[in-house]
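Engineer:
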Amino acid sequence: MGKNNSDSRNIRERIKKISADLAPTLIKIRRRLHEHPELSYQEFETTKYLTRWLKKTSAEIRTEYAETGVVGVLRGSDSGPVVALRGDIDALPIKETTGLPFASKNPGVMHACGHDSHATMTLGAALILAQLKDELNGSVKIILQPGEEKNPGGASIMVKNGVLTDPDVDVIFGIHSDHRLAVGHIGYREGVAMAAADEFYITIKGKGGHGAFPHLAVDPIVIAAQVVLGLQKIRSRMVDPHDQVVVTVGKISGGKTTNVIPDKVKLIGTIRTFKPGLAQEVDVMMRRMLQGITHAYGAEFDLNVDYGSPALINDREATHFLLQSGKEYFGGDNCHFTEKPSLGGEDFSF
5 MGKNNSDSRN IRERIKKISA DLAPTLIKIR RRLHEHPELS YQEFETTKYL TRWLKKTSAE
65 IRTEYAETGV VGVLRGSDSG PVVALRGDID ALPIKETTGL PFASKNPGVM HACGHDSHAT
125 MTLGAALILA QLKDELNGSV KIILQPGEEK NPGGASIMVK NGVLTDPDVD VIFGIHSDHR
185 LAVGHIGYRE GVAMAAADEF YITIKGKGGH GAFPHLAVDP IVIAAQVVLG LQKIRSRMVD
245 PHDQVVVTVG KISGGKTTNV IPDKVKLIGT IRTFKPGLAQ EVDVMMRRML QGITHAYGAE
305 FDLNVDYGSP ALINDREATH FLLQSGKEYF GGDNCHFTEK PSLGGEDFSF
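Under my numbering, think of the first position of the sequence shown as 5, with each following residue one higher.
(1) Examine the Cβ distances between the region 189-199 and the region 338-346 and report whether three or more of them are shorter than 8 Å.
(2) Taking DSSP's pairing of strands, which residues face threonine 277 in a bridge?
(3) Just checking, does the region 140-149 make contact with the region 18-37 on the three C-beta pairs under 8 Å criterion?
(4) Suppose only complete runs of 4+ residues qualify. What are the alpha helix (DSSP H) ranges in the region 279-340, listed by chain order?
(5) Give me whichever residues DSSP pairs with lysine 268 in a beta bridge.
(6) Can you tell me where the beta strand (DSSP E) holding glutamate 64 begins and where it ends?
(7) Residues in the same chain with beta-carbon distance under 8 Å from arginine 16, minus the five sequence neighbours each way, listed in chain order, please.
(8) Where does alanine 3 fall in DSSP's three states?
(9) Does the region 97-117 come into contact with the region 48-61, if we say contact requires no fewer than three beta-carbon pairs (one atom in each stretch) closer than 8 Å?
(10) Answer with buried or exposed for glycine 6, where buried requires no fewer than 16 other C-beta atoms within 10 angstroms of its C-beta.
(11) From which residue to which residue does the beta strand (DSSP E) around alanine 88 run?
(12) Would you mind reading off the limits of the beta strand (DSSP E) that contains leucine 347?
(13) Mind reading off the beta-carbon distance from leucine 235 to methionine 198? Whole number of angstroms is fine, and I expect it under 8 Å.
(14) For leucine 26, collect the residues of the same chain with a Cβ closer than 8 Å to its Cβ; drop the 5 residues on either side in sequence, then sort them by chain order.
(15) Please confirm whether leucine 96 and leucine 168 have their CB atoms less than 9 Å apart.
(16) Evaluate contact between the region 143-155 and the region 82-99, counting only Cβ atoms and requiring at least three cross-stretch pairs below 8 Å.
(17) Do you know whose CA, among Lys279, Ile176, Val74, lies nearest threonine 50's CA?
(18) In terms of alpha-carbon separation, which member of Ile176, Arg239, Thr126, Ile256 lies closest to arginine 320?
(19) On the DSSP bridge assignment, give the partners of serine 143 in chain order.
(20) Within 10 angstroms of its Cβ, does histidine 246 collect 16 or more other Cβ (buried), or is it exposed?
(21) If you run the structure through DSSP and keep just helix, strand and coil, what is glutamine 230?
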């Protein structure tokens, strides 16, 4: 956009004005999305709603990349570069207790990770660019992506199905809300920015029995307790301290009543790493630990590691471009270098 400094200033002021005019509409869109959250790969109504708005931009609508989600292509006047903007649209299986007037109306589902704002920002960019379409020296691909929260990741599905081709994308930008930054501030980091996010599923298989006679059973609950504590030793005693890793058990389930020892207990959780290949090493460590603990009690185990999104690595040139734009629009004092990469995961890495 723009051929010289004067053109750039003119475009910048026009964008600021359009943004201010659109702000009330975008607030309504975000709150509508927040009220009606949908889980990964179930975002059918969300997709319909976003598509209706995307059609107002006169963008070319594409829906062939995934069962949910939608893509719009805004073609400019010249055959210049293709820039993609991506926002994810799925919510989490969490009950909302905020008491907000626009709180979730879908029981047990909530936009707790900010994807309602991600989708709104990406759609907002499309609505702004639609009014500046004749100024575009190239094309913009708006990607409203499903399934970021659940493996194999909606990004991997859309990429596999060609979302970055026809027209071929030269650079892609994503944004992720961060509670550590105040409203109106942005963070940036080149290189490794977010962790690889993998999931593990463990089943401890013991022998059920009566709670009054534990010696006649093989108690998988007691074994599971040992496993949870043991897994925390991976980070502190089995991995190089310079290599960051998190092994978190997120759910334990087993048993039905007070006085019966169950046959099995299930544990599920996440592994977060930055170093390539480290998650596979942790997998081996977990198996060795499980083998030792379960063997000591006369039990057995199953372990499945579901490898998800790799670490997110930001391109240096694209990051610096974003920083320069951020300074122009928000001011240098509102742009902050993120010193530490986040152990949160993002399938934008695909």
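Note that CB positions come from ideal geometry on N, CA and C, so glycine has one too.
Owing to the predicted nature of the structure, the values given are computational and were not obtained by experimental measurement.
Structural biologist: The relevant details are as follows:
(1) Contact between the region 189-199 and the region 338-346 is present, because at least three Cβ pairs lie under 8 Å.
(2) By DSSP's assignment, threonine 277 forms a beta bridge with Ala200, Val249.
(3) Per the Cβ contact rule, the region 140-149 is not in contact with the region 18-37 (fewer than 3 Cβ pairs under 8 Å).
(4) Segments of the alpha helix (DSSP H) lying fully in the region 279-340: 282-301, 320-334.
(5) Looking at the DSSP assignment, lysine 268 forms a beta bridge with Lys209.
(6) Per DSSP, the unbroken beta strand (DSSP E) holding glutamate 64 starts and ends at 64-66.
(7) Same-chain partners within the cutoff: Glu332, Tyr333.
(8) In the structure displayed, the chain extends from 5 to 354; residue 3 sits before or after that span and is not available.
(9) No, they do not touch.
(10) Note that glycine 6 scores a pLDDT of 45, beneath 50, so its modelled location is shaky and nothing firm can be said.
(11) Element bounds for alanine 88: 86-92.
(12) Per DSSP, the continuous beta strand (DSSP E) segment holding leucine 347 begins and ends at 346-349.
(13) For leucine 235 against methionine 198, the beta-carbon gap comes to about 22 Å, at or over 8 Å, which does not count as contact.
(14) Closer than 8 Å at the Cβ level, and outside the excluded window around leucine 26, lie Gly128, Leu131, Ile132.
(15) For leucine 96 and leucine 168, no; Cβs fall outside 9 Å.
(16) Because the criterion of three Cβ pairs below 8 Å is met, the region 143-155 and the region 82-99 touch.
(17) Between threonine 50 and the set Lys279, Ile176, Val74, the nearest pair of CA atoms involves Val74.
(18) For arginine 320, the closest C-alpha among the options Ile176, Arg239, Thr126, Ile256 is that of Ile176.
(19) Answer is Arg79, Val86.
(20) Answer is exposed; the Cβ neighbour count stays below 16.
(21) Helix, per DSSP.
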